[in-house]
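Here the working numbering is used: the first residue of the sequence shown is 974, the next is one more, and so on. Here a beta-carbon is modelled for each residue, glycine too, at the ideal position from N, C-alpha and C.
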Amino acid sequence: MNVPGFVAASGIHPSQAARVMSRDLEKLGMLLRSPKVSAFGEIGLDGQNGVDMGKQEALLRQCLAKADSSKPVILHIRGRWGRMSS
């Protein structure tokens, strides 16, 4: 889709941390390599979605390992700023 003023971002929201499989991370890596994807996100930690924080942290680490330094990262942080700094 080419809409003036809009760009595509690709990521895995922390609410999906319990459902993510290795093939999802592989697909994310492929999407992030696409020139049509301009940003990486939304990824992060959400303290209010009921998903195990350990799973969210593991997903965040796996996502960041796929980060491309040329693309900005869009973080989703709700109720977990302290965890992000550690």
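Can you list the beta strand (DSSP E) stretches of 3 or more residues lying completely in the segment 1001-1034, in chain order?
1010-1019
Is the beta carbon of G1017 sitting closer than 9 Å to the one on L1033?
yes
Would you kindly check if the distance between the Cβ of V1024 and the Cβ of S983 is under 9 Å?
no
Could you name the residues of the same chain whose beta carbon sits closer than 7 Å to that of Q1035, not counting the 5 residues immediately before and after it, in chain order?
L998
Once DSSP output is grouped into helix, strand and coil, what is the label at M996?
In the sequence under discussion, the amino acid at residue 996 is Arg, which differs from the Met named in the question. Taken through DSSP and simplified to helix, strand or coil, R996 comes out as helix.
Would you decide whether A981 is buried or exposed? Buried here means 16 or more other CB atoms lie within 10 Å of its CB.
exposed
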